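Enquirer:
Protein chains in written order, with the numbering used here: chain A, 20 to 336; chain B, 20 to 336.
#1: Chain A beta carbons: is any one of them nearer than 8 Å to that of residue 282 of chain B?
#2: Please determine if the stretch 229-236 of chain A and the stretch 163-178 of chain A are in contact, where contact requires at least 3 C-beta pairs separated by less than 8 Å.
#3: Any Cβ of chain A within less than 8 Å of the Cβ of residue 140 of chain B?
#4: Could you name the residues of chain A that residue 95 of chain B contacts, counting a contact when the two beta carbons are closer than 8 Å?
#5: Verify the CB distance criterion: does residue 81 of chain A have a CB-CB separation below 8 Å to chain B?
#6: Where residue 282 of chain B and residue 212 of chain B are concerned, what is the direct C-alpha to C-alpha distance, given to the nearest angstrom?
#7: Below 8 Å on the Cβ atoms is my contact criterion, and I expect residue 204 of chain B with residue 94 of chain B to pass it. Report the Cβ-Cβ distance as a whole number of Å.
#8: Decide if residue 147 of chain A is buried, meaning its Cβ has at least 16 other Cβ atoms within 10 Å, or exposed.
#9: What span of residues does the beta strand (DSSP E) with residue 40 of chain A cover, start to end?
#10: Determine which residues share a DSSP beta bridge with residue 181 of chain B and list them.
#11: Between residue 330 of chain A and chain B, is the shortest Cβ-Cβ distance under 8 Å, so that the two count as touching?
#12: Which first and last residues belong to the alpha helix (DSSP H) in which residue 77 of chain A is found?
#13: For the stretch 119-134 of chain A against the stretch 73-91 of chain A, are there 3 or more C-beta pairs whose distance is under 8 Å?
#14: Buried or exposed, going by whether 16 or more other CB atoms sit within 10 Å of the CB of residue 336 of chain B?
#15: Select from B/246, B/134, B/51 and B/170 the residue whose C-alpha is nearest the C-alpha of residue 307 of chain B.
#16: Return the chain-ordered ranges of every alpha helix (DSSP H) run that is complete within the stretch 276-320 of chain A and spans a minimum of 4 residues.
#17: Give me the residue from B/84, B/110 and B/97 with the minimum Cα distance to residue 160 of chain B.
#18: Name the residue from A/189, A/301, A/293 and A/135 whose alpha carbon lies nearest to the alpha carbon of residue 286 of chain A.
#19: Candidates A/61, A/138 and A/113: which alpha carbon is nearest residue 137 of chain B's?
#20: Taking 8 Å as the cut-off, decide whether the C-beta atoms of residue 181 of chain A and residue 250 of chain A are in contact.
#21: Is residue 91 of chain B near residue 199 of chain B, with beta carbons less than 8 Å apart?
#22: For residue 214 of chain B, name the three-state secondary structure that DSSP assigns.
#23: Tell me the DSSP secondary structure of residue 61 of chain B in three-state form.
#24: Out of curiosity, what's the CA-to-CA distance linking residue 259 of chain B and residue 253 of chain B?
#25: For residue 165 of chain B, which three-state DSSP category applies?
#26: Taking residue 45 of chain A as the reference, which of A/218, A/191 and A/108 has the closest Cα?
#27: Would you call residue 221 of chain B buried or exposed, if buried means 16 or more other Cβ atoms sit within 10 Å of its Cβ?
#28: Using beta-carbon positions only, say whether residue 51 of chain A and residue 101 of chain B come within less than 8 Å of one another.
#29: Please report whether the beta-carbon of residue 190 of chain B lies at a distance below 8 Å from any beta-carbon of chain A.
#30: Could you list which residues in chain A have their beta carbon closer than 7 Å to that of residue 144 of chain B, in chain order?
#31: Just confirm the distance between the C-beta atoms of residue 125 of chain B and residue 75 of chain B, as a whole number of angstroms; I'd bet it's less than 8 Å.
#32: For residue 153 of chain A, does the three-state DSSP call read helix, strand or coil?
#33: So what does residue 143 of chain A bridge to, in DSSP terms?
#34: Does any C-beta atom of chain A lie closer than 8 Å to the C-beta of residue 36 of chain B?
#35: Going along the chain, which residues of its own chain have a beta-carbon closer than 7 Å to the beta-carbon of residue 288 of chain B, five neighbours each way excluded?
#36: Here's the rule: buried if 16 or more other CB atoms are within 10 angstroms of the residue's CB, otherwise exposed. What is residue 330 of chain B?
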C-alpha cells in the first residue's frame with residue numbers, strides 16, 4: 020500500500036466536485052469559495068516516529084515544525100496565511116507540562132507568521148503523538164500559483180539550498196529550523212515581471228516534487244547537476260564522495276524551499292538574486308513530454324539519467 | 020493530564036487574537052474572516068481504540084462517522100457545510116482495498132451532505148488508524164449560533180432522544196448511524212420566531228454539554244428528569260433499573276443531537292413539534308448563576324441533584 024496510490028485515488032475522484040471547489044485535491048492547497056471569498060486550505064500531519072523523533076527533538080521544535088511545514092504550503096501558493104486549527108492526539112503519559120510547552124510553541128510560531136490558532140481538538144490514547152494542522156489562506160487579490168502551468172522552455176528555479184535537511188550544521192537543523200518561504204512566494208506571485216507559471220514546495224525532494232509539477236503540467240524537465248545549489252548538510256553527507264552531492268540535492272526530502280518554473284525572460288530578473296531573503300537558482304529547463312521520464316538529470320560528463328521518483332516519500336516512510 | 024485542562028489552556032490564550040478571528044476557540048466551530056466572508060472551521064479526530072473500534076465496525080460506518088460527527092458541529096452553529104479536508108494516518112498493514120473503501124465512504128458521505136472533500140493528507144505508521152476531519156462552513160447570511168447567549172428564564176430544549184448511543188437496536192446503532200441535525204439547526208437559526216439564544220451539539224452527554232453552554236453564558240440550568248426524552252438504547256440499558264434512565268440520558272455521550280436555549284414564548288412554537296425531522300423537547304430552564312453547580316437535575320421525587328461533569332469525556336477515554 021503506497022500513499023501515492025491512495026492519493027491518486029482521491030484525486031481521480033475529484034471529477035464531479037461542485038463548482039465552488041476552485042482548486043481540487045492535488046495541489047499544495049485545495050480551495051473552496053465561501054461567500055465571495057476563495058479560501059485555500061491544506062492539512063498536514065506530524066507523527067512521532069514518522070516525521071519527527073520526539074526522543075531526539077525538543078518539544079518546542081516539534082511544535083514549531085508542525086506549523087512551519089504547513090506554512091510552506093501557503094508559500095507555494097503565493098498566498099497569505101489567515102489562521103489554523105490544530106488537532107492533537109497525545110499518548111496518555113505525555114505529561115501536562117510537556118503538552119503545555121507543545122501548545123505554547125504551536126501558538127507562538129503560528130502568531131509569529133500572522134496565522135492565529137483559532138480552534139482545535141485534543142484526544143489521548145496509548146500510542147505515539149500525532150499532530151494535524153489545518154491552515155487557511157487567502158489570495159488577497161493575487162491568484163494562487165498552481166502546480167500546472169509549466170511551459171516548454173521555462174526555466175526551472177529553486178530557492179535556497181537543497182539536500183541534507185536532517186543533518187545538524189553548527190546547531191542548525193534545516194528540517195526543524197527552516198523559515199517557510201512565505202515572503203518569497205508572495206513576492207513571486209505578486210510581481211508581474213517575475214510571476215512564475217507554476218510553483219510547488221519541496222517536501223519530498225526535488226526529483227519527486229518537480230515530477231509532480233511536470234505531471235500536472237504535462238511536460239518534462241531536465242536538471243543540470245552542476246547547477247544544483249547544495250546545502251551544507253548535503254555537503255557533510257557527501258564529504259567522502261562528492262559525486263553523491265546531486266543525489267542528496269535531488270533526493271533528500273524536507274527542503275521546504277520553493278520550486279517554480281518561469282519564462283526565460285522573467286528568469287533573467289531573479290536568477291542569482293535574493294527575493295525576500297531567498298536566493299533563486301536556475302537548475303534546469305522544461306522540455307516536451309515525449310512519454311519518457313518526467314525528470315531527467317544531466318550529469319557533469321554530459322550523460323542524461325532519468326530520475327523519476329528518486330525522492331523521499333517521507334509521509335509513508 | 021485531562022483533555023479539558025489542556026483545552027482550557029488553549030482557550031485562555033485566545034486573548035489577543037487578531038480582529039479577523041470572529042469566533043475564538045471554545046465554540047463548536049471557530050471562525051475567521053477571509054476577504055469579505057466569515058469562514059467557520061472545526062476539526063475532529065476519530066481514533067481507532069478511542070472513538071471507534073475497527074475490529075467491531077464496518078469500514079463504511081467508520082468513514083461515515085468521521086464526516087457526520089464533524090457535520091454535527093456545523094449543525095450546532097446553524098450554518099451550512101462548504102467542504103472538508105481529511106487527514107488519515109493508517110497502520111501499514113491496513114490494506115489497500117480497505118483504505119479505498121474507507122476513503123470512498125468518507126467521500127460519499129461528505130458529498131451526500133453537500134460537503135465535498137477537496138484536500139487531504141495520508142501517512143502510514145505502525146500504530147492504530149487516526150482520521151482527522153476539518154470541516155469548513157458558512158453562514159450564508161444567517162449569524163452562527165454560539166454557546167454563549169443563554170438568558171435566565173430560557174427554556175432548555177433538545178432534539179431527538181438521548182442516551183445509549185452505543186447500543187444496537189434493531190440493526191441501528193446511533194453513534195454510527197445518526198443523521199447530523201443540519202436541517203434542524205439551520206431552520207432554528209434562520210427562523211426569527213424560533214431562533215435560539217445559544218446552541219451546542221451533544222457529543223459529551225447532556226450534563227457536560229449543557230454545563231459548557233451555562234459556563235459560556237454565565238448562567239445555570241435546572242433539568243427535569245421526567246422531561247428527558249430517552250432513547251431506545253438507553254431503555255435497553257436501564258431495563259433492570261428504570262431509575263437509571265435519566266443517568267443514561269444525561270450522562271451518555273455521542274447523542275449528536277442539538278441542545279439550545281430559547282425564550283419561553285419562542286419555545287411554545289416548537290416544543291413537542293418536529294423541526295426538519297427532529298422532535299424538540301423542553302427538558303429544563305435556565306436559572307441564575309448563584310456560584311453553585313452549572314447543571315442541576317430535579318428528580319421525580321422533587322429532590323434536586325448537582326450533576327456537573329457527569330457526562331462522558333469521550334475524547335480522552
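Think of the CB as a built atom: it goes at the ideal place given N, C-alpha and C, for glycine as much as any other residue.
None of the values given here were measured: they were computed from a predicted structure.
Expert: In short:
#1: Stepping through the second chain from its first residue, residue 282 of chain B is reached at position 263. Answer no: the Cβ-Cβ gap between residue 282 of chain B and chain A never drops below 8 Å.
#2: yes
#3: Reading the second chain from its first residue, position 121 is the one you call residue 140 of chain B. Interface residue, yes.
#4: Within the second chain, residue 95 of chain B is the residue found at index 76, counting from 1. Per Cβ cutoff of 8 Å: no residues; residue 95 of chain B is ~13 Å from chain A at best.
#5: Indexing the first chain from 1 puts residue 81 of chain A at position 62. So no, residue 81 of chain A is outside the interface.
#6: Numbered from its first residue, the second chain carries residue 282 of chain B at position 263. Numbered from its first residue, the second chain carries residue 212 of chain B at position 193. Rounded to whole angstroms, residue 282 of chain B to residue 212 of chain B spans 10 Å at the Cα level.
#7: As a working mapping, residue 204 of chain B is identified with position 185 in the second chain. As a working mapping, residue 94 of chain B is identified with position 75 in the second chain. Right, the Cβ-Cβ distance comes to about 4 Å (below 8 Å), so this counts as a contact.
#8: In the first chain, residue 147 of chain A corresponds to position 128, counting from 1. Its Cβ being crowded by 16 or more others within 10 Å, residue 147 of chain A is buried.
#9: In the first chain, counting from the first residue as 1, residue 40 of chain A sits at position 21. Segment 40-42, the beta strand (DSSP E) holding residue 40 of chain A.
#10: Here residue 181 of chain B refers to the residue found at position 162 of the second chain. DSSP lists B/249 as partners of residue 181 of chain B.
#11: Looking up residue 330 of chain A in the first chain gives position 311. Confidence is the limiting factor: at residue 330 of chain A the pLDDT is only 45, short of 50, which leaves the residue's position unreliable and the question unanswerable from this model.
#12: The residue given as residue 77 of chain A occupies position 58 in the first chain. It is not in any alpha helix (DSSP H) - residue 77 of chain A carries neither H nor E in the DSSP assignment.
#13: yes
#14: For the purposes of this step, residue 336 of chain B is taken as the residue at position 317 of the second chain. Note that residue 336 of chain B scores 32 on pLDDT, short of 50, meaning its location in the model is unreliable and no value can be drawn from it.
#15: In the second chain, residue 307 of chain B corresponds to position 288, counting from 1. It is B/170 whose Cα lies nearest to the Cα of residue 307 of chain B.
#16: 283-289
#17: As a position in the second chain, residue 160 of chain B is number 141, starting the count at 1. Nearest of B/84, B/110 and B/97 to residue 160 of chain B, Cα basis: B/97.
#18: Residue numbering aside, residue 286 of chain A sits at position 267 when the first chain is read from its first letter. Comparing Cα positions, the closest option is A/301.
#19: Along the second chain, one-based indexing puts residue 137 of chain B at 118. Of the listed residues, the one whose Cα sits closest to residue 137 of chain B is A/61.
#20: By one-based count along the first chain, residue 181 of chain A stands at place 162. By one-based count along the first chain, residue 250 of chain A stands at place 231. In contact: residue 181 of chain A and residue 250 of chain A (Cβ atoms closer than 8 Å).
#21: If you number the second chain from 1, residue 91 of chain B lands on position 72. If you number the second chain from 1, residue 199 of chain B lands on position 180. Contact flag set, yes.
#22: Position 195 of the second chain holds residue 214 of chain B. In this structure, residue 214 of chain B counts as coil in the three-state DSSP scheme.
#23: Taking the second chain and counting its residues from 1, the one referred to as residue 61 of chain B is at position 42. Three-state DSSP puts residue 61 of chain B in a strand.
#24: Walking along the second chain from the start, residue 259 of chain B turns up at place 240. Walking along the second chain from the start, residue 253 of chain B turns up at place 234. Cα to Cα, residue 259 of chain B sits roughly 11 Å from residue 253 of chain B.
#25: As a first step, residue 165 of chain B is located in the second chain; it is residue number 146 there, counting from the start. Coil at residue 165 of chain B, not helix or strand.
#26: For the purposes of this step, residue 45 of chain A is taken as the residue at position 26 of the first chain. For the residues A/218, A/191 and A/108, the minimum Cα distance to residue 45 of chain A belongs to A/218.
#27: Indexing the second chain from 1 puts residue 221 of chain B at position 202. When all chains shown are included, residue 221 of chain B counts as buried.
#28: The residue labelled residue 51 of chain A in the question sits at position 32 within the first chain. The residue labelled residue 101 of chain B in the question sits at position 82 within the second chain. Result yes, Cβ atoms of residue 51 of chain A and residue 101 of chain B sit closer than 8 Å.
#29: Within the second chain, numbered from 1, the residue matching residue 190 of chain B stands at position 171. So no, residue 190 of chain B is outside the interface.
#30: Residue 144 of chain B sits at position 125 when you count from the first residue of the second chain. Within chain A, the residues near residue 144 of chain B are 66, 68 and 69.
#31: By one-based count along the second chain, residue 125 of chain B stands at place 106. By one-based count along the second chain, residue 75 of chain B stands at place 56. No, residue 125 of chain B and residue 75 of chain B are not in contact; Cβ-Cβ is about 19 Å, not under 8 Å.
#32: Within the first chain, numbered from 1, the residue matching residue 153 of chain A stands at position 134. Residue 153 of chain A falls in the strand class under three-state DSSP.
#33: The residue you call residue 143 of chain A lines up with position 124 of the first chain. Per DSSP, A/109.
#34: For this step, residue 36 of chain B is matched to residue 17 along the second chain. Chain A contact via Cβ: present.
#35: Along the second chain, read from residue 1 onward, the residue named residue 288 of chain B stands at position 269. For residue 288 of chain B, where only same-chain residues beyond five positions count, the Cβ hits under 7 Å are 212 and 213.
#36: In the second chain, the residue the question calls residue 330 of chain B occupies position 311. The predicted model places residue 330 of chain B with a pLDDT of 45, which falls under 50 and marks its position as unreliable, so this point remains unresolved.
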